[in-house]
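Enquirer: Residue numbers (the UniProt record's numbering): 1 to 401. Using N, Cα and C, we set each Cβ at its ideal position, and we do this for glycine too. Since this is a predicted model, take the numbers as computed values, not measurements.
#1: May I ask which residues mark the beginning and end of the beta strand (DSSP E) holding residue 50?
#2: Below 8 Å between beta carbons: does that hold for residue 333 and residue 381?
#3: Hey, could you find the ends of the beta strand (DSSP E) residue 385 is sitting in?
#4: Report the CB separation of residue 297 from residue 67 in whole angstroms; it is logged as a contact under 8 Å.
#5: Run through DSSP, which three-state label would residue 29 get?
#6: Let's test the definition: count the other Cβ atoms within 10 Å of the Cβ of residue 62 and tell me whether it reaches 16, buried, or not, exposed.
#7: Under a three-way DSSP split, which group does residue 119 fall into?
#8: What runs of the alpha helix (DSSP H), each 4 residues or longer, lie entirely inside the region 137-203?
#9: Taking residue 385 as the reference, give the member of 353, 374, 367, 336 with the closest Cα.
#10: Are residue 422 and residue 43 touching if we call contact CB-CB under 8 Å?
#11: Going by DSSP, name the residue or residues bridged to residue 96.
#12: Taking 7 Å as the limit between beta carbons, can you name the residues of its chain near residue 190, skipping five residues before and five after?
#13: Please state whether the Cβ-Cβ distance between residue 244 and residue 257 is less than 8 Å.
#14: If you drop the 5 nearest sequence neighbours on each side, which residues of the same chain put their C-beta closer than 6 Å to that of residue 207?
#15: Let me know the secondary structure DSSP gives residue 7 once reduced to three states.
#16: My output table needs one value for residue 77: the three-state DSSP class, helix, strand or coil.
#17: So for residue 357, helix, strand or coil by DSSP?
#18: To the nearest angstrom, how far is the alpha carbon of residue 354 from that of residue 308?
#19: Between which two residues does the beta strand (DSSP E) holding residue 317 run?
#20: Would you kindly check if the distance between the Cβ of residue 391 and the Cβ of residue 80 is under 8 Å?
#21: Name, in chain order, the residues that DSSP records as bridge partners for residue 304.
#22: Return the bridge partner residues of residue 40 from the DSSP annotation.
#23: Apart from the five residues on each side of it in sequence, which residues of its chain come closer than 7 Å, Cβ to Cβ, to residue 250?
#24: Secondary structure at residue 392, three-state DSSP: helix, strand or coil?
#25: Just to check my reading of the structure: residue 12 and residue 56 have Cβ atoms closer than 8 Å, yes? What is that Cβ distance to the nearest angstrom?
#26: Using a 10 Å radius around the Cβ and a threshold of 16 neighbouring Cβ atoms, would you call residue 305 buried or exposed?
#27: If you draw a straight line from the C-alpha of residue 402 to the C-alpha of residue 99, how long is it?
#28: On a Cα-Cα basis, can you pick out the residue from 5, 110, 24, 65 that is closest to residue 46?
#29: Compute the Euclidean distance between the alpha carbons of residue 223 and residue 195, then round it to the nearest angstrom.
#30: Can you find at least 3 beta carbon pairs, one from the region 121-131 and one from the region 87-104, that sit closer than 8 Å?
#31: Under a Cβ-count criterion, where at least 16 other Cβ atoms within 10 Å of its own Cβ denotes burial, should residue 18 be classed as buried or exposed?
#32: For the alpha helix (DSSP H) holding residue 249, just list the boundary residues, first then last.
Structure, rendered in structure tokens:
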């Protein structure tokens, strides 16, 4: 389907203009004023068109924990949230330590044809904390390795993993948690491992991506390190940049107000590269038993838009960079920009619409969210992937002229 989106505000990391956008054969063909093409036409007057969002960090629980989420329900949740591409972590069952699991995920995603999915492989085999030999057998479909959810506790293992990652051109996504310290002091636990891995990345030259950074000390450490090395990026989550002193089980935990202020400062000064959801759906039974995590794909944009752009901390262009272009660049996909030749992946949003979060309306199986009942600005009206409307809010009617 060829699509012409008319009368909209077009925003990406660089541009902010009013006009029309034309998607042909799944790619962005043209944008500008008064475009005229024989195509399915959407009148988007009063709405904003942005590059669809890309999530560097999500959990779809498939294979093995599909009562929490599966590739189908996770993809639907992504689309409702404005995402067309996600990078999945490896803490499935079996743990994703080989190409058999990777290919299962990629083939199922291709069959579903809802969103683009990348699958991360574990740093250590089956999260055993020491074995790295399996990394010799992964192919070029794998770009990232991570023991997300556990972290690599051994200094020697992480050093050797970085050496191997450097050799193979892999990026390490680090879950920073010292298990010996975490029960005593969660802040110290995160900070110790963060500083260790920054030092190892400096030593080895491996590319290090720090997941769900949550403390002011870690942000400041990253800021200083980036003045010396280029092989370092980091992400923060919508819940860590918007909530403080809030009792909701998530790992790392919701921090203090001073941490939120430092995260926002890091977003403003460029220390923070990406906003990632860490979408971690759970059944209500598991959540009641203390399982950490937030179902975040469907709330990420309104939370971030309200807390960062509506409050005039950053521009909508910067938010687009954080949620679209930078993660797309890391994943190596031609998404995340309104640019000729890029994938026709866009999201149509209503920035003036105030939405009240209702977990019972989530398309994700996971209804676990601290934002239930809260109000935010910015509603996803439609999500288009490669020129196909994959999600449309039920009450919206498009004008097909």
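Expert: Taking the coordinates as given:
#1: As a working mapping, residue 50 is identified with position 50 in the chain shown. Taken as a continuous stretch (DSSP letters only), the beta strand (DSSP E) holding residue 50 covers 48-51.
#2: Position 333 of the chain shown, counted from the start, is the residue given in the question as residue 333. Position 381 of the chain shown, counted from the start, is the residue given in the question as residue 381. The answer is no: Cβ separation not under 8 Å.
#3: Mapped onto the chain shown, residue 385 falls at position 385. Looking at the DSSP string, the run of the beta strand (DSSP E) that includes residue 385 is 375-385.
#4: Here residue 297 refers to the residue found at position 297 of the chain shown. Here residue 67 refers to the residue found at position 67 of the chain shown. Actually they do not touch by this definition, with Cβ atoms about 18 Å apart.
#5: Walking along the chain shown from the start, residue 29 turns up at place 29. Strand at residue 29.
#6: Here residue 62 refers to the residue found at position 62 when the chain shown is read from its first residue. Buried.
#7: Mapped onto the chain shown, residue 119 falls at position 119. Residue state, collapsed to three classes: strand.
#8: 155-168
#9: As a working mapping, residue 385 is identified with position 385 in the chain shown. Of the candidates 353, 374, 367, 336, the one whose C-alpha sits nearest the C-alpha of residue 385 is 336.
#10: The structure shown has nothing for residue 422, since the chain only spans 1 to 401.
#11: As a first step, residue 96 must be located in the chain shown, where it is residue number 96. DSSP, once it has assigned bridges, lists no residue as partnering residue 96.
#12: Taking the first residue of the chain shown as 1, we reach residue 190 at position 190. Same-chain partners within the cutoff: 176, 177, 214, 215, 218, 252.
#13: Within the chain shown, numbered from 1, the residue matching residue 244 stands at position 244. Within the chain shown, numbered from 1, the residue matching residue 257 stands at position 257. Yes, Cβ-Cβ distance for residue 244 and residue 257 is below 8 Å.
#14: Position 207 of the chain shown holds residue 207. Contacts found: 171, 231.
#15: Along the chain shown, one-based indexing puts residue 7 at 7. Note: residue 7 maps to strand in three-state DSSP.
#16: For this step, residue 77 is matched to residue 77 along the chain shown. DSSP places residue 77 in helix when its eight states are reduced to three.
#17: Position 357 of the chain shown, counted from the start, is the residue given in the question as residue 357. Coil at residue 357, not helix or strand.
#18: Numbered from its first residue, the chain shown carries residue 354 at position 354. Numbered from its first residue, the chain shown carries residue 308 at position 308. The straight-line gap from Cα to Cα measures roughly 15 Å.
#19: Translated into positions along the chain shown, residue 317 becomes position 317. Premise fails: residue 317 lies in the alpha helix (DSSP H), 316-320, not in any beta strand (DSSP E).
#20: Sequence index remark: in the chain shown, residue 80 carries index 80 (1-based). Sequence index remark: in the chain shown, residue 391 carries index 391 (1-based). A contact, by the Cβ cut-off of 8 Å.
#21: Here the question's residue 304 lines up with position 304 in the chain shown. Partner(s): none; residue 304 has no beta bridge.
#22: The count along the chain shown starts at 1 and reaches residue 40 at position 40. Paired residues: 3.
#23: Taking the first residue of the chain shown as 1, we reach residue 250 at position 250. If we look at residue 250 and ignore the five residues flanking it on each side, its Cβ neighbours are 239, 292, 293, 294.
#24: If you number the chain shown from 1, residue 392 lands on position 392. Of the three classes helix, strand and coil, the one that applies to residue 392 here is strand, per DSSP.
#25: By one-based count along the chain shown, residue 12 stands at place 12. By one-based count along the chain shown, residue 56 stands at place 56. With 8 Å as the limit, residue 12 and residue 56 do not qualify as a contact, their Cβ atoms being about 18 Å apart.
#26: If you number the chain shown from 1, residue 305 lands on position 305. It counts as buried.
#27: Nothing can be reported for residue 402: it is not among the residues displayed for the chain, which extend from 1 to 401.
#28: Indexing the chain shown from 1 puts residue 46 at position 46. From the listed residues 5, 110, 24, 65, the smallest Cα separation to residue 46 is found for 5.
#29: Against the chain shown, residue 223 aligns to sequence position 223. Against the chain shown, residue 195 aligns to sequence position 195. Between residue 223 and residue 195, the C-alpha separation is close to 12 Å.
#30: yes
#31: Position 18 of the chain shown, counting from 1, holds the residue named residue 18. Classification for residue 18: exposed.
#32: Within the chain shown, the letter at position 249 stands for residue 249. It is not in any alpha helix (DSSP H) - residue 249 carries neither H nor E in the DSSP assignment.
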